[in-house]
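Residue numbers (this note's numbering), protein chains in the order written: chain A, 1401 to 1676; chain B, 2 to 303.
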Amino acid sequence: MNLLTPFQYSFMNEALMISALVGAVCAVLSCYLVLKGWSLMGDAISHAVLPGIVAAYSMGLPLAVGAFASGLLCAVATGWIKSSTRIKEDTVMGIVFTGLFALGLVMFTKIQTEAHLNHILFGNILGIERDDMIQTIIAASVTLVVVLVMRKDLLLFCFDAAHARAIGLNTSMLYYVLLSLLAGTIVASLQSVGIILVVAMLVTPGCTARLLTDRFDRMLLIAVASSVLASCIGVYVSFFINGATGACIVLAQALLFALALLLGPKHGLIARRFRA
Amino acid sequence: MREISPPLSIEVADVTVAYANGIVALRDASFKLGPGVICALVGVNGSGKSTLFKAIMGFIRPVKGSVRIAGKSVEQARRGKRIAYVPQSEEVDWTFPVNVWDVVMMGRYGHMNFMRLPSATDKRIVAESLDRVGMSDFKERQIGELSGGQKKRVFLARALAQRGSIMLLDEPFTGVDVTTEETIISLLRALRDDGHIILVSTHNLGSVPEFCDHVVLVNRTVLAAGPTDDVFTEKNLTLAFGGVLRQFHFEQSTIQEHDGRTVKLLTDDERPLVFGKDGHLEYKDREGREKLVKEREKEAGK
């Protein structure tokens, strides 16, 4: 087995392609999440999709549809509870998403399915089936197109929602657009890294890019580049260690972040030390 | 393109605002402003100044009463991009990866198509607005790399680029150097002379008589509103601020007869720092400083 062996298998090439696509979508969205301070929201929605997936499975619907619905339910319920009680948002989120995740686990044990819980929780990109692949590609492409078309409005919404509202933009619509995009991205990444680790994909590339530039357009490019690279490295390495692809991708993400943290030209720790 | 129909005005009538937690932030607030005016919104923290701002911008719906802008609803005014808002510096994330040009361009978004691609006109207006606040040389800077005064001017330029006819400024003089304060004031005056309505929320009392034609005093309701000379009286201010206002009574201080009219009073709206005739530091109370008073008298006598 040499270093080029992985490329001889079609499942590896497919996995590389899908994970690169998923990495790109997550990276674009992560830039907005990091700037908006929505990392926890990403974590919450990703856990909350579980009951939707199980329900969709038992009803014979595409899993993506169920995941999308229950992810949005989590966000909307959080917003509603926050605005009508005195409890703070992060606390409400903590209750809602763990509650939904637990509901999903209970439903899973009650409903007989052929799906493996492990594949949902940790992803199964090396064994991805044709249907799942198509779903992933559709979710990723739609999300990517919508973000790119609305990128300036979304950026203004993250930066200064009051101004956005004052100049006549529909900020509550933008809020739900961003939430839907988040849910869509999570659906797209289920196959590659799974529910538990998807939050890393939704936060790390944006953070890495944030350390390397002060311009948003460049931040998007750097985030996409680092995320695609990390995804490919993760898939490639997991071939040799025989599994845990999602974890390998996330580790590669973390490694790139650490490099940016240390070696960033302007905001990196070493550059800072030298300037001081 | 200015609307021909009713002249510009802001009409706040019996506005009562209550939040979801039941707290009534503002009760029966009323005032009216015509075109070409700089109006100060004065009150302590928590008096409902920002609530009133939000009601005027239509961010919160009053449970009672109404806000009309040029005879129309706030929503209509907002769709016409008429209301420009300059936020408090504390509300802005200064590490955000945008530069000065990007921020000012955001003022044009309402005028662009849905892809927000700037036209030549948009670029020209942004350049003009930056020039007007003297920030053209900084357009490539990330916003966090600016001084307090420069930051404020960038957001003022954004409001100018929006070309609204009503401008709301939240605490525009906090953390701002004297040059910037003067720039801001002369800009606001020019806008007023063009017929704009400018509403400035501030607790910086000293600056109010300097440049505001109108004053609205707020404390959970509108206590008084009208021309500065009529409204900005000691009685009204005491009412608005209760015991919170710092006072410096000259007759109770260590300042004496011989200081005449040469007393210097320095203040940033905190406690004033007062120097007597010969540059002596003066104290608010005579009591306990009898020795000092005697010494000064001796000096004056010699």
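Beta carbons are placed, not taken as given, at the ideal position from N, Cα and C, and that holds for glycine. For clarity, every value in this text was computed on a predicted model and none was experimentally measured.
Using a Cβ-Cβ cut-off of 9 angstroms, VAL93(B) is close to PHE1559 and ASP1560 of chain A, given in chain order. As the crow flies, the alpha-carbon of GLU172(B) is around 13 angstroms from that of VAL93(B).
Taking a C-beta cut-off of 9 angstroms against chain B, the contacting residues of the segment 1534-1561 of chain A are VAL1549, MET1550, ARG1551, LYS1552, ASP1553, LEU1555, LEU1556, CYS1558, PHE1559 and ASP1560, listed in chain order. With the rule of 3 Cβ pairs closer than 8 angstroms, the segment 152-160 of chain B counts as touching the segment 104-119 of chain B.
When rounded, the separation of the alpha-carbon atoms in PHE32(B) and LEU1659(A) is 58 angstroms.
Within chain B, no C-beta atom comes nearer than 7 angstroms to that of SER1580(A); the closest sits roughly 17 angstroms away.
Proximity of TYR86(B) to chain A, defined by a Cβ-Cβ separation below 8 angstroms, is satisfied.
Just measuring C-alpha positions, the residue of VAL1428(A), VAL1624(A), LEU1433(A) and MET1401(A) sitting nearest VAL1549(A) is VAL1428(A). Annotation for SER254(B): no beta strand (DSSP E) segment contains it, and DSSP assigns it neither H nor E.
Judged by DSSP in its simplified three-state form, GLY66(B) adopts strand. For the beta strand (DSSP E) assignment, the uninterrupted runs of no fewer than 3 residues enclosed by the segment 68-152 of chain B are, from N- to C-terminal side, 84-87.
Note that the segment 1428-1439 of chain A does not touch the segment 1448-1462 of chain A; fewer than 3 beta-carbon pairs, one per stretch, sit closer than 8 angstroms.
The beta-carbon distance between LEU1544(A) and VAL1425(A), rounded to whole angstroms, is 5 angstroms. This is short enough to meet the 8 angstroms contact definition. Chain A places no beta carbon closer than 8 angstroms to that of VAL64(B), leaving this residue out of the contacts. Bounds of the alpha helix (DSSP H) holding MET1573(A) are 1571-1612. In this structure the segment 14-30 of chain B does not touch the segment 175-191 of chain B; the number of beta carbon pairs closer than 8 angstroms is below three.
Bounds of the beta strand (DSSP E) holding MET168(B) are 167-171.
DSSP places GLU235(B) inside the alpha helix (DSSP H), whose first and last residues are 235-242.
For ARG221(B), the secondary structure class from DSSP, reduced to helix, strand or coil, is coil. For CYS1431(A), DSSP records no beta bridge to any residue. Listed along chain B, no residue sits closer than 9 angstroms to ASP1531(A) by beta-carbon distance, the nearest being about 34 angstroms off.
Exclusion of the five residues before and after PHE1501(A) leaves HIS1447 and LEU1450 as the residues of its chain whose Cβ lies within less than 6 angstroms of its Cβ. Beta-bridge pairing by DSSP links THR203(B) to VAL43(B). At least one CB of chain B lies nearer than 8 angstroms to the CB of ASP1614(A).
Secondary structure of ALA14(B) (DSSP, three-state): strand.
The C-beta separation of SER51(B) from LYS153(B) comes to about 17 angstroms, leaving the pair out of contact by the 8 angstroms criterion. Counting of Cβ neighbours within 10 angstroms places THR1536(A) among the buried residues, the total reaching 16 or more. Cβ neighbours of ALA1415(A) within its own chain (closer than 6 angstroms, five residues either side excluded): ILE1525, LEU1526 and VAL1635.
Against chain B, the beta carbon of ALA1566(A) has neighbours under 9 angstroms at MET58, GLY59, PHE60, ARG79, LYS82, ILE84, ALA85, TYR86, GLY111, GLN163, GLY165 and LEU169, listed in chain order. Between ALA56(B) and VAL64(B), the beta carbon gap of about 11 angstroms keeps them out of contact (Cβ cut-off 8 angstroms). When the five nearest sequence neighbours on each side are left out, the beta carbons in the same chain lying within less than 7 angstroms of the beta carbon of PHE233(B) are those of VAL209, PRO210 and VAL216, in order along the chain. With a cutoff of 8 angstroms on beta-carbon distance, ILE1633(A) and ALA1609(A) are scored as not near each other. Against chain B, the CB of MET1619(A) has a partner CB under 8 angstroms away; the residue lies at that interface. Taking C-beta atoms as the reference points, VAL1547(A) and PHE1508(A) fail to come closer than 8 angstroms. PHE1674(A) counts as exposed, since fewer than 16 other C-beta atoms from the protein chains shown sit within 10 angstroms of its C-beta. Assigned with DSSP and collapsed to three states, VAL216(B) falls in strand.
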